[in-house]
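A short write-up of the structure that comes next.
Protein chains: 2
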Amino acid sequence: MNDDAMDLRARNKQATREAIGHAALRLAIEQGPHGLALVRVHDIATAAGVSPRTYNNYFSSREEAICAFQADQSKRAGQALRSRPADEPLGQAVVAAMIELYTNPEPDRAGLRMIMLTPELEGEALKAFSMAEGPLAEAIAARTGTDLRRDLFPAVTAAAVAGAIRVAGRHWLESADAGPFAAVLRHALSCVFAPGA
Amino acid sequence: MNDDAMDLRARNKQATREAIGHAALRLAIEQGPHGLALVRVHDIATAAGVSPRTYNNYFSSREEAICAFQADQSKRAGQALRSRPADEPLGQAVVAAMIELYTNPEPDRAGLRMIMLTPELEGEALKAFSMAEGPLAEAIAARTGTDLRRDLFPAVTAAAVAGAIRVAGRHWLESADAGPFAAVLRHALSCVFAPGA
DNA sequence: CGCACTATATGCGTGCCGCGCAAGTTGTGA
DNA sequence: TCACAACTTGCGCGGCACGCATATAGTGCG
Chain A
-6 MNDDAMDLRA RNKQATREAI GHAALRLAIE QGPHGLALVR VHDIATAAGV SPRTYNNYFS
54 SREEAICAFQ ADQSKRAGQA LRSRPADEPL GQAVVAAMIE LYTNPEPDRA GLRMIMLTPE
114 LEGEALKAFS MAEGPLAEAI AARTGTDLRR DLFPAVTAAA VAGAIRVAGR HWLESADAGP
174 FAAVLRHALS CVFAPGA
Chain B
-6 MNDDAMDLRA RNKQATREAI GHAALRLAIE QGPHGLALVR VHDIATAAGV SPRTYNNYFS
54 SREEAICAFQ ADQSKRAGQA LRSRPADEPL GQAVVAAMIE LYTNPEPDRA GLRMIMLTPE
114 LEGEALKAFS MAEGPLAEAI AARTGTDLRR DLFPAVTAAA VAGAIRVAGR HWLESADAGP
174 FAAVLRHALS CVFAPGA
C-alpha cells in the first residue's frame, strides 16, 4: 500500500495505472453519460501520457479503465474491516470500516454519477463494487471464526454489504439533499444488520 | 408471459431472442470457459438461423447474448414475489418466491458454470442477477407499504437477496455434493432474513 | 379480400478496438 | 559494469458494433 514498500517498477506501474484510470474517468465525465462512445482510447492514452498500446496493457476496455478507481477502492474492503478492533461486534465493525473506506475522502459526485448512472458502464460498475465481496467475506469469516466453504454466512453478508453500499451510492446521487454520504451509507447498512427495524 | 397474450410479431421477436440466446450459451459451453474468444458472432447467428446483423439487433455483445437467459429469469423476480399470498411474512414470501423462480426447472449446471465462472462474463453475469433488484425492490415496497424513495430498506433488501442468490449459485457449483439447489438457496437466504443465526 | 402502413430482417460499408508479435528502452541485481 | 528481466511502443490483423438503405412480412382498416 505504502509507496515505500514497493520498488521503482511497481511504483511506476501503479502510477501509470492510476494516471490512465484518472484520465479515462475525467474524459468520460467531460462527455457526460450520453457521450461515452466519443471517448476514444487514443484520447485516454494521450491524456495519460502513454501510447494506446500501453493503455491496453493495463486495461482491456474503456469501461474497465473508467471504473478502475472504484475497483481499487473496493479491493481494500477486507483490509478496512481487519483494521477494526477485534472485540467490536460484527455489525458495528463493518459499518465503521465501510464508512471509513468509502467516505475518505467524500466521494466525487460527478465521478460516481458517471460510473453508476451510465448504462454502458453498468456491468463494470457492478464488477467494481463486487470486488469488495471476496476480501470482505474472508475478513468476516476470520472475525466470526467460520469457514468460508462450509458456511454461507460470510459470503452472503459480504454480498449484502456490497449491495447496500451500491444502493446508498445511488440514493445519495439521486436525492440532492441527502446530506453527507456517510449518513446515507450508515442508514443503508443498518438495513442489513438490523433487519427487525 | 403467455404466448397467446402477444401478437405474432411479439411472439416471433421473443422466439428469435431466445433462439439467439440459447445458441450463444450452447456454443459457449461447447468451447468452455477458456475458449470464449473462439465463439464468433457469425457462429451464434448461424446456429440461431438469423443473419449476424439481426443478432446485433437483439444483443450488442456476445456476453449479453450468453447471459440473456439468466437476465430474463431475474426480471421475473418481482412478479414471483407478488404471486405469494399477501398475508405471508416478508422473509418467508421472498424465500418461497425465489426458490420457485430459480429452481423451476432445476438450473443447468453447465450453463450456470459458464455464466458464473468465466471471467470475461463476470460483468454481464452480475448485470443479469442484479436485474432482479429493481422489480424485487418494488414488490417488497408494495408488500411492506414503504416508499422506495424515502426508505432504503426495500432496495437494500432486494440487493441482499440478489447477492444471496449469486452466492448460493457459486456454492452450488463449487461443491459437488451440495444437494438440490433449492436447499442451498434456502440456506443462503436464511442468512439475509435471520441475521441472529 | 386487398391495400397502405409499420415493424422486422438482411446486406454492405465504416471506424474502432483488443491483442499478438517483435523490437526498443529502462530498472535490477550480481 | 554488465547481463537479464520488465515495461513500452509501433505495426498489423481479425473481429465487432452499428448506421444506412432495402427487401420482406405482419397488421388493421375500408
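Chains A and B, in that order, give the protein sequences. All residue numbers for the first sequence refer to the numbering used here, where the first residue is -6 and numbers rise by one. All residue numbers for the second sequence refer to the numbering used here, where the first residue is -6 and numbers rise by one. For glycine and all other residues, C-beta sits at the position ideal for the given N, C-alpha and C. Since the structure is predicted, the reported quantities are computational estimates derived from the model, not experimental observations.
Query raised in the report: Are residue 32/A and residue 21/A close, meaning C-beta to C-beta below 7 Å?
Result: Within the first sequence, the letter at position 39 stands for residue 32/A. Within the first sequence, the letter at position 28 stands for residue 21/A. Between residue 32/A and residue 21/A, the gap from beta carbon to beta carbon is short of 7 Å.
Query raised in the report: Among 48/B, 56/B and 51/B, which has the Cα closest to the Cα of residue 30/B?
Result: Reading the second sequence from its first residue, position 37 is the one you call residue 30/B. For residue 30/B, the closest C-alpha among the options 48/B, 56/B and 51/B is that of 56/B.
Query raised in the report: If you draw a straight line from the C-alpha of residue 87/B to the C-alpha of residue 28/B, how long is it?
Result: Here residue 87/B corresponds to residue number 94 of the second sequence, with the count starting at 1. Here residue 28/B corresponds to residue number 35 of the second sequence, with the count starting at 1. Computed Cα separation, rounded: 37 Å.
Requested in this report: Please state if the CB of residue 161/A and the CB of residue 181/A are separated by a distance shorter than 7 Å.
Outcome: Counted from its first residue, the first sequence places residue 181/A at position 188. Counted from its first residue, the first sequence places residue 161/A at position 168. Yes, the pair counts as a contact, with Cβ atoms nearer than the cut-off.
Query raised in the report: Just to confirm, are residue 26/B and residue 35/B a CB contact at a threshold of 7 Å?
Result: Within the second sequence, residue 26/B is the residue found at index 33, counting from 1. Within the second sequence, residue 35/B is the residue found at index 42, counting from 1. With contacts defined as CB atoms closer than 7 Å, residue 26/B and residue 35/B fail to qualify as a contacting pair.
Query raised in the report: Secondary structure at residue 164/B, three-state DSSP: helix, strand or coil?
Result: For the purposes of this step, residue 164/B is taken as the residue at position 171 of the second sequence. Helix, per DSSP.
Query - Buried/exposed call for residue 78/B, threshold 16 Cβ in 10 Å - result: Position 85 of the second sequence holds residue 78/B. With fewer than 16 other beta carbons inside 10 angstroms of its own, residue 78/B counts as exposed.
Report task. Report the rounded CA-to-CA distance for residue 6/A versus residue 167/A, giving the unit in angstroms. Result -> In the first sequence, counting from the first residue as 1, residue 6/A sits at position 13. In the first sequence, counting from the first residue as 1, residue 167/A sits at position 174. Roughly 36 Å separates the two Cα atoms.
Query raised in the report: Short check: CB of residue 67/A to CB of residue 121/A, under 7 Å?
Result: In the first sequence, counting from the first residue as 1, residue 67/A sits at position 74. In the first sequence, counting from the first residue as 1, residue 121/A sits at position 128. For residue 67/A and residue 121/A, yes; Cβs fall inside 7 Å.
Query raised in the report: Whole alpha helix (DSSP H) runs in the stretch 28 to 53 of chain B with 4 or more residues, listed along the chain?
Result: Taking only runs of at least 4 residues, the alpha helix (DSSP H) segments lying wholly in the stretch 28 to 53 of chain B are 34 to 41 and 45 to 51.
Query - Residues that residue 123/A contacts on chain B, provided the C-beta gap is smaller than 9 Å - result: Your numbering for residue 123/A matches position 130 in the first sequence. Going along chain B in sequence order, the residues near residue 123/A (Cβ under 9 Å) are 115, 119, 156 and 159.
Requested in this report: For residue 28/B, decide whether its Cβ has a neighbour in chain A, counting only Cβ atoms nearer than 7 Å.
Outcome: Within the second sequence, numbered from 1, the residue matching residue 28/B stands at position 35. Not one chain A Cβ lies under 7 Å of residue 28/B.
Report task. Determine the chain A residues that contact residue 74/B at a beta-carbon separation under 8 Å, and present them in chain order. Result -> Locating residue 74/B in the second sequence gives position 81, where the first residue counts as 1. Result: empty, since nearest Cβ-Cβ is about 17 Å, beyond 8 Å.
Query raised in the report: Cα-Cα, which of 178/A, 89/A and 93/A is closest to residue 144/B?
Result: For the purposes of this step, residue 144/B is taken as the residue at position 151 of the second sequence. Checked all of 178/A, 89/A and 93/A; the closest Cα to residue 144/B is 178/A.
Requested in this report: Tell me, to the nearest whole angstrom, how far the beta carbon of residue 61/A is from that of residue 14/A; I am working on the premise that it is less than 8 Å.
Outcome: Numbered from its first residue, the first sequence carries residue 61/A at position 68. Numbered from its first residue, the first sequence carries residue 14/A at position 21. Between residue 61/A and residue 14/A, the beta carbon gap of about 3 Å places them in contact (Cβ cut-off 8 Å).
Report task. Between the Cα of residue 24/A and those of 108/A, 0/A and 157/A, spot the shortest distance and give me the residue it belongs to. Result -> Locating residue 24/A in the first sequence gives position 31, counting from the first residue. Ranked by Cα distance from residue 24/A, the first of 108/A, 0/A and 157/A is 108/A.
Query raised in the report: Would you call the stretch 97 to 117 of chain A and the stretch 145 to 164 of chain B touching, i.e. three or more CB-CB distances under 8 Å?
Result: Counting C-beta pairs with one atom in each stretch, the stretch 97 to 117 of chain A and the stretch 145 to 164 of chain B have fewer than three that are closer than 8 Å, which means they do not touch.
**Report entry** Alpha carbon of residue 10/A to alpha carbon of residue 94/B, nearest angstrom
**Finding:** For the purposes of this step, residue 10/A is identified with residue 17 of the first sequence, where counting begins at 1. For the purposes of this step, residue 94/B is identified with residue 101 of the second sequence, where counting begins at 1. Each residue's alpha carbon lies about 42 Å from the other.
Query raised in the report: How about residue 96/A and residue 174/A: do their beta carbons lie closer than 7 Å?
Result: Stepping through the first sequence from its first residue, residue 96/A is reached at position 103. Stepping through the first sequence from its first residue, residue 174/A is reached at position 181. Closer than 7 Å, so yes.
Query raised in the report: In the stretch 105 to 178 of chain A, which residue ranges form an unbroken alpha helix (DSSP H) of at least 4 residues, counting only runs that do not cross its ends?
Result: With a minimum length of 4 residues, the continuous alpha helix (DSSP H) runs that stay inside the stretch 105 to 178 of chain A are 115 to 123, 126 to 137 and 146 to 167.
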